[in-house]
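147 is the number that UniProt numbering gives to position 147 of the sequence shown; each next residue is one higher, with no gaps.
Built from N, CA and C at the ideal position, the CB exists for glycine as well.
Have a look at the structure below, then the notes.
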Amino acid sequence: MRRVAERLGAGAMSLYRHVADKDELIGAMVEQVTAEYSYPDATGLGWRECMHILARQDWASFLAHPWLLTANATVTPPFGTASLAAMEWALSALEELHLMPDEAARAIMTMNNYVQGSARVALGDRQADAGDDPGRAWQHRLHDLDLGDFPHLSRLIAHRHPAGERDWFTSGLDVILDGVEARQNPHPVQRG
1 MRRVAERLGA
11 GAMSLYRHVA
21 DKDELIGAMV
31 EQVTAEYSYP
41 DATGLGWREC
51 MHILARQDWA
61 SFLAHPWLLT
71 ANATVTPPFG
81 TASLAAMEWA
91 LSALEELHLM
101 PDEAARAIMT
111 MNNYVQGSAR
121 VALGDRQADA
131 GDDPGRAWQH
141 RLHDLDLGDF
151 PHLSRLIAHR
161 HPAGERDWFT
171 SGLDVILDGV
181 EARQNPHPVQ
191 RG
C-alpha cells in the first residue's frame, strides 16, 4: 500500500479512506480491467465462437496487465459486478451444449487456466513476440542436442510445421473446446 501511495503522490493512510486493505485494492483493480475487457453481445454467436472471444479478450487483458495473472491467483473471486457479468456471459454461451452447471464451470475454469498459462509463457519469453509459437522456440533450443535416447522427442523436434499454420494459442484452445463439445448432453435435463 505504501508503494501505491508513493506512485500516486499521496500518503499510505489516505488510501485507507478509499479501500480497507490490499485485497480490496487488488479486487477493485481487477474489476476495472475486467470492465474494460468486457465481452460483446453474444446474440447470434455460437458457443464455440463465444469461447474464442472470451479467450482472446482475457489473453489481451493479461498481456496488457501482467499483474492480473498474480491477482487472479491471490484474490478470491468474485470481485464485483463486471467479474460476475463475465462469468454469466461465459455460462450463458455454453448453455446450448446442455452441460450440467458444474461441467460448464469446469470447462470455463479449464479455459481460464489455459489462457493464463499461455499468457505466462508468452510474457516469460522476453525474446519472442507474444504471438510467437513457444513450440517453435523450444524446437530451436533443442535442435542441436543429441536426442538419440529420446526417439519421440527427436521426431517432434525434427517435425517442421508448414508456413501459415494456425496460431499456437488458437490451436491449443481448440483442443480444449473439442473436449468440451464431446461432453455435450444431447438430451437436455429438464430444469425445474
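| Check | Outcome |
| --- | --- |
| Cβ neighbour criterion (16 or more within 10 Å) applied to residue 175 | exposed |
| Environment of residue 111 [buried if 16+ CB atoms lie within 10 Å] | buried |
| With 16 other Cβ atoms within 10 Å as the buried cut-off, status of residue 34 | buried |
| Among 36, 160, 178, 107, the one whose alpha carbon lies nearest that of residue 64 | 36 |
| Residue from 31, 155, 116, 11 with nearest C-alpha to residue 139 | 155 |
| For residue 61, three-class secondary structure by DSSP | helix |
| Classification of residue 27 by the beta-carbon crowding that lies within 10 angstroms, buried from 16 upward | buried |
| Delimiting residues of the alpha helix (DSSP H) encompassing residue 27 | 22-36 |
| For residue 110, the first and last residue of its enclosing alpha helix (DSSP H) | 101-124 |
| Residue range of the unbroken alpha helix (DSSP H) whose run includes residue 90 | 81-94 |
| For residue 139, the three-state DSSP class (helix, strand or coil) | helix |
| Given residue 167 as reference, the closest of 122, 152, 184, 151 once Cα atoms are compared | 122 |
| Residue 42, DSSP secondary structure in three states | coil |
| Contacting residues, own chain, Cβ-Cβ under 6 Å from residue 80 (five flanking each side not counted) | 31 |
| Coil, strand or helix - residue 169 by DSSP | helix |
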